[in-house]
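Sequential numbering of the sequence shown, starting at 2, is according to this note's numbering.
Notes follow once the structure below has been shown.
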Amino acid sequence: SSPAARSKSMVMGEASRGSPSLQEGVLKAGWLKKQRSIMKNWQLRWFVLRADHLYFYKDEEETKPQGCISLKGSQVNELTANPEEPGRQLFEIVPAGEKDKAAMSHESFLLMANSQSDMDDWVKAIRRVIWAPFGGGIFGQRLEDTVQYERKFGPRLAPLLVEQCVDFIREQGLDEEGLFRMPGQANLVKELQEAFDCGDKPQFDSNTDVHTVASLLKLYLRELPEPVVPFCNWQWEDSWEAIRSTWASPNRLQISWMV
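Here is the structure:
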């Protein structure tokens, strides 16, 4: 079958043993179109995200990459869709601002995903790589990794985002009708998510909509690789306390904080 007809995300069981998708340390892999720098036409390539580099191959069976994009000192931006060209989900990887010029190692790259959800997944994965060293990329990051990084700023019972959201909801929203059921402002939720993912620590004020904060908290919990209650404890054969005592400290503390 043609590359376009195959899965757009990495399926470990379907890749060959020699496939770069099976190599150690792969964070994400899948098909993307890359715009050539001179001819400006599009090439379908198999992309593999590993460490802080994005490699691209002619196909998923190749073991030698055609090229490599260094993500250090970069940023990734979603581009506004052109209504006259439906189906073109574009994003770019570009050098970051002036403050990061010393780390700049490449020109800009324009990439096209197969769908909006596919582009969202790629952008989140790449941002996580770029911003994780600076305390960002927390959406979709392991709870243990977030807590371990934030410990350098002092002891906490849960990630800063969770503490901020829970404190705000307790102060502003306990009497709010439809809390955790009514959606918040989608654009503001996205802005706050991107701010936290970029390592910023945005503050909520009295004008912030409590449903937006609740939606942000739900989004964070939904995107954790594993639920706060670990998969291994989904069989409720023992008492609650016995199960909770087996959890890693970050999971146990976050549940205690939220309850």
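Heads up, the beta-carbon is just placed ideally off N, CA and C, and yes, glycines get one too.
Review point. What are the start and end residues of the beta strand (DSSP E) that includes K34?
Key: The sequence position of residue 34 within the sequence shown is 33, counting from 1. From DSSP, the beta strand (DSSP E) with K34 extends over V27 to Q36.
Exercise for review: Determine, using beta carbons only, whether A126 and K29 come nearer to each other than 9 Å.
Suggested key: As a working mapping, residue 126 is identified with position 125 in the sequence shown. As a working mapping, residue 29 is identified with position 28 in the sequence shown. Cβ distance < 9 Å, so A126 and K29 count as in contact.
Check your understanding: Does the beta-carbon distance from Q142 to P226 come in below 9 Å?
Key -> Working through the sequence shown from its first residue, we reach residue 142 at position 141. Working through the sequence shown from its first residue, we reach residue 226 at position 225. For Q142 and P226, yes; Cβs fall inside 9 Å.
Check your understanding: Helix, strand or coil: which one does DSSP assign to L80?
Key -> Residue 80 sits at position 79 when you count from the first residue of the sequence shown. Note: L80 maps to coil in three-state DSSP.
**Study point:** Counterpart residues of W43 in DSSP-defined beta bridges
**Key:** Residue 43 sits at position 42 when you count from the first residue of the sequence shown. Looking at the DSSP assignment, W43 forms a beta bridge with Q36.
Exercise for review: Give the straight-line distance between the Cα atoms of E178 and I170, rounded to the nearest whole angstrom.
Suggested key: Translated into positions along the sequence shown, residue 178 becomes position 177. Translated into positions along the sequence shown, residue 170 becomes position 169. The straight-line gap from Cα to Cα measures roughly 12 Å.
Exercise for review: Please classify Q149: does DSSP put it in a helix, a strand, or coil?
Suggested key: The residue given as residue 149 occupies position 148 in the sequence shown. Three-state DSSP puts Q149 in a helix.
Review point. Between the C-alpha atoms of A97 and D210, what's the straight-line distance to the nearest angstrom?
Key: What you label residue 97 is simply residue 96 of the sequence shown in a count that begins at 1. What you label residue 210 is simply residue 209 of the sequence shown in a count that begins at 1. Going by the C-alpha atoms only, they are around 31 Å apart.
Point to revise | Test item: CB-CB of R128 and V77 under 9 Å | key: Looking up residue 128 in the sequence shown gives position 127. Looking up residue 77 in the sequence shown gives position 76. Taking 9 Å as the Cβ cut-off, R128 and V77 qualify as a contacting pair.
Point to revise | Test item: CB-CB of G137 and G74 under 9 Å | key: Numbered from its first residue, the sequence shown carries residue 137 at position 136. Numbered from its first residue, the sequence shown carries residue 74 at position 73. Contact: no.
Review point. M120 by DSSP, collapsed to three states: which one?
Key: Along the sequence shown, one-based indexing puts residue 120 at 119. M120: helix per DSSP, three-state reduction.
Exercise for review: Determine, using beta-carbon pairs with one atom in the stretch 206-221 and one in the stretch 188-197, whether at least three such pairs fall under 8 Å.
Suggested key: yes
Exercise for review: Below 6 Å CB to CB, which residues in the same chain sit around Y328 once its five sequence neighbours on both sides are set aside?
Suggested key: What the structure shows of the chain is the stretch from 2 to 260, and residue 328 is not part of that stretch, so it cannot be assessed.
Check your understanding: Taking the DSSP output, what are the residues bridged to R51?
Key -> Within the sequence shown, the letter at position 50 stands for residue 51. Its beta-bridge partners are V27 and H54.
Point to revise | Alpha-carbon to alpha-carbon, R51 and E93 | key: Taking the sequence shown and counting its residues from 1, one reaches residue 93 at position 92. Taking the sequence shown and counting its residues from 1, one reaches residue 51 at position 50. When rounded, the distance between both Cα atoms is 18 Å.
Practice item. Put E86 into one of helix, strand or coil per three-state DSSP. Key: Within the sequence shown, numbered from 1, the residue matching residue 86 stands at position 85. DSSP places E86 in coil when its eight states are reduced to three.
Exercise for review: Could you tell me the distance, in whole angstroms, from the CA atom of P228 to the CA atom of S38?
Suggested key: One-based indexing of the sequence shown puts residue 228 at position 227. One-based indexing of the sequence shown puts residue 38 at position 37. Cα to Cα, the separation comes out at about 42 Å.
Exercise for review: Give a yes or no on whether the C-beta atoms belonging to V130 and E79 are separated by under 9 Å.
Suggested key: If you number the sequence shown from 1, residue 130 lands on position 129. If you number the sequence shown from 1, residue 79 lands on position 78. For V130 and E79, no; Cβs fall outside 9 Å.
Review point. Start and end of the beta strand (DSSP E) containing C1?
Key: An answer regarding residue 1 cannot be provided, because it is not within the stretch 2 to 260 covered by the chain.
Point to revise | DSSP bridge partner residues for A114 (one or two, in chain order) | key: In the sequence shown, residue 114 corresponds to position 113, counting from 1. According to DSSP, A114 bridges with Q90.
Review point. In three-state DSSP terms, what is V190?
Key: Position 189 of the sequence shown holds residue 190. If DSSP states are grouped into helix, strand and coil, V190 belongs with the helices.
Check your understanding: What is the rounded straight-line gap between the Cα of D121 and the Cα of E224?
Key -> For the purposes of this step, residue 121 is taken as the residue at position 120 of the sequence shown. For the purposes of this step, residue 224 is taken as the residue at position 223 of the sequence shown. Those two C-alpha atoms are separated by around 12 Å.
Review point. Looking only at its own chain, which residues have a Cβ that is under 8 Å from the Cβ of P66, when we skip the five neighbours before and after it?
Key: Translated into positions along the sequence shown, residue 66 becomes position 65. Excluding positions up to five away in sequence, the list reads P21, V49, Y56, F57 and Y58.
Point to revise | Cβ shell of Q194 (< 7 Å), same chain only, five flanking positions each side left out | key: Position 193 of the sequence shown, counted from the first residue, corresponds to residue 194. Cβ within range, chain order: F140, L217 and L220.
**Study point:** Q90 and D119 closer than 9 Å at C-beta
**Key:** Counting from 1 along the sequence shown, the entry for residue 90 is found at position 89. Counting from 1 along the sequence shown, the entry for residue 119 is found at position 118. Closer than 9 Å, so yes.
Exercise for review: Keeping to the same chain, check which residues put their C-beta closer than 8 Å to that of L72; ignore five residues upstream and five downstream.
Suggested key: Working through the sequence shown from its first residue, we reach residue 72 at position 71. Excluding residues within five positions, the ones whose Cβ falls inside 8 Å are D53, H54, L55, I94, I127, V130 and I131.
Review point. If we call anything under 9 Å between Cβ atoms a contact, is Q204 one with Q165?
Key: Taking the first residue of the sequence shown as position 1, residue 204 is located at position 203. Taking the first residue of the sequence shown as position 1, residue 165 is located at position 164. Between Q204 and Q165, the gap from beta carbon to beta carbon is short of 9 Å.
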